[in-house]
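**Q** First the structure, then my questions, so here it is.
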């Protein structure tokens with residue numbers, strides 16, 4: 004069965020072709036921290052036999068958070084939690100990629116004034132996002148870069164880009180240096196409307 008045969012993604016050998024897609028696990032702390040529940044959730048995924056686990060959307064900027072139980076990587080204090088999560092998956096023999104994102108107009112947190120590439124109204128909340136300025140755009144691009152690089156030297160490179168992101172850089176795929184905390188790769192996500 005081909006699904007159980009090894010494969011490669013960007014030069015990284017995957018033990019089989021079963022990939023757990025990025026979905027929201029809703030196990031983050033109030034400040035975006037990786038919680039013990041999140042670590043256990045991903046540890047179990049790593050133990051379950053998937054060749055690769057992709058995390059749920061990790062927000063890179065405070066104004067890019069979708070909901071209150073989401074993990075973030077918008078400051079250095081959050082990196083250690085992601086490193087522990089990564090180590091838990093690795094101990095089970097699994098591999099893990101990080102999905103990085105900024106939700107733009109799609110935030111569900113009332114205290115966040117949403118930003119988007121244009122002034123669009125979120126059909127779920129009825130709130131119209133502010134159109135990003137050049138400075139806002141540069142700040143979000145920098146947040147993606149900081150989340151990918153972290154404070155440590157790059158460990159490897161990989162990339163998977165989706166859709167149209169507010170960062171512009173997601174419009175084409177290219178190698179992304181990733182820190183040890185992201186466990187080998189970063190998937191930069193910006194779906195239409197996010």
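In my numbering, the protein residues as written are 4 to 197.
All C-beta atoms in this analysis are idealised placements derived from N, C-alpha and C, irrespective of residue type, glycine included.
Rounded C-beta distance between residue 118 and residue 68? I'm assuming under 8 Å.
**A** To locate residue 118, count along the chain shown from 1; it is residue 115. To locate residue 68, count along the chain shown from 1; it is residue 65. The pair is not a contact, with the Cβ atoms about 12 Å apart (cut-off 8 Å).
**Q** Suppose you measure from the CA of residue 173 to the CA of residue 54; what does that come to, to the nearest Å?
**A** For the purposes of this step, residue 173 is taken as residue 170 along the chain shown, with counting starting at 1. For the purposes of this step, residue 54 is taken as residue 51 along the chain shown, with counting starting at 1. Because residue 173 sits at a pLDDT of 32, beneath the cut-off of 50, its placement in the model cannot be relied upon, and the following sentence gives the value as read from the coordinates. Each residue's alpha carbon lies about 25 Å from the other.
**Q** Hey, out of 82, 7 and 133, whose CA is closest to residue 152's CA?
**A** Indexing the chain shown from 1 puts residue 152 at position 149. With distances taken between Cα atoms, residue 152 lies closest to 82.
**Q** Mind checking whether residue 37 and residue 94 have CB atoms under 9 Å apart?
**A** For the purposes of this step, residue 37 is identified with residue 34 of the chain shown, where counting begins at 1. For the purposes of this step, residue 94 is identified with residue 91 of the chain shown, where counting begins at 1. Contact flag unset, no.
**Q** So residue 146 and residue 133 are supposed to be a Cβ contact under 8 Å. How far apart are they, rounded?
**A** In the chain shown, residue 146 corresponds to position 143, counting from 1. In the chain shown, residue 133 corresponds to position 130, counting from 1. About 17 Å; that fails the 8 Å criterion.
**Q** Given a cut-off of 9 Å on the beta-carbon distance, is the pair residue 108 and residue 144 in contact?
**A** Taking the first residue of the chain shown as position 1, residue 108 is located at position 105. Taking the first residue of the chain shown as position 1, residue 144 is located at position 141. Result no, Cβ atoms of residue 108 and residue 144 do not sit closer than 9 Å.
**Q** Assign residue 182 to one of two classes, buried (16 or more other C-beta atoms within 10 Å of its C-beta) or exposed (fewer than that).
**A** Taking the first residue of the chain shown as 1, we reach residue 182 at position 179. Confidence at residue 182 is low in this model, with a pLDDT of 45, below 50, so the placement of that residue should be treated as unreliable; the coordinate-derived value is given next. Label assigned to residue 182: buried.
**Q** Does residue 78 pass the burial test, meaning 16 or more other C-beta atoms within 10 Å, or should it be called exposed?
**A** Here the question's residue 78 lines up with position 75 in the chain shown. Exposed, because fewer than 16 other Cβ atoms sit within 10 Å of the Cβ of residue 78.
**Q** Could you pull the start and end residues of the alpha helix (DSSP H) that residue 142 belongs to?
**A** Numbered from 1 along the chain shown, position 139 holds the residue referred to as residue 142. Note, residue 142: alpha helix (DSSP H), 137-152.
**Q** Taking the alpha carbon of residue 90 as the reference point, which residue from 46, 64 and 111 has its own alpha carbon closest?
**A** Counting from 1 along the chain shown, the entry for residue 90 is found at position 87. Among 46, 64 and 111, the Cα nearest to that of residue 90 belongs to 46.
**Q** Please state the DSSP three-state secondary structure of residue 179.
**A** Indexing the chain shown from 1 puts residue 179 at position 176. Note that residue 179 scores 36 on pLDDT, short of 50, meaning its location in the model is unreliable; the coordinates nonetheless yield the value given after this. Strand.
**Q** Mind checking whether residue 19 and residue 51 have CB atoms under 9 Å apart?
**A** Start at 1 with the first residue of the chain shown, and residue 19 comes out as number 16. Start at 1 with the first residue of the chain shown, and residue 51 comes out as number 48. Not a contact, by the Cβ cut-off of 9 Å.
**Q** Apart from the five residues just before and just after residue 11, which ones in its own chain have a Cβ nearer than 8 Å to its Cβ?
**A** The residue you call residue 11 lines up with position 8 of the chain shown. Closer than 8 Å at the Cβ level, and outside the excluded window around residue 11, lie 17.
**Q** Buried or exposed: residue 7, going by 16 or more other Cβ atoms within 10 Å of its Cβ?
**A** Here residue 7 refers to the residue found at position 4 when the chain shown is read from its first residue. Exposed, by the Cβ-count rule.
**Q** Under 9 Å between the Cβ atoms of residue 103 and residue 60?
**A** For the purposes of this step, residue 103 is taken as the residue at position 100 of the chain shown. For the purposes of this step, residue 60 is taken as the residue at position 57 of the chain shown. Cβ distance < 9 Å, so residue 103 and residue 60 count as in contact.
**Q** So for residue 160, helix, strand or coil by DSSP?
**A** As a first step, residue 160 must be located in the chain shown, where it is residue number 157. Interpretation of residue 160 is limited by its pLDDT of 32, a score under 50 that renders its predicted location unreliable; the figure taken from the coordinates is listed afterwards. Strand at residue 160.
**Q** Can residue 22 and residue 57 be called in contact, C-beta distance under 9 Å?
**A** Within the chain shown, the letter at position 19 stands for residue 22. Within the chain shown, the letter at position 54 stands for residue 57. Yes, they are a contact pair.
**Q** Taking a contact to mean a Cβ-Cβ separation below 9 Å, would you say residue 149 touches residue 63 in this structure?
**A** Translated into the one-based positions of the chain shown, residue 149 becomes position 146. Translated into the one-based positions of the chain shown, residue 63 becomes position 60. Yes, these two residues count as a Cβ contact at 9 Å.
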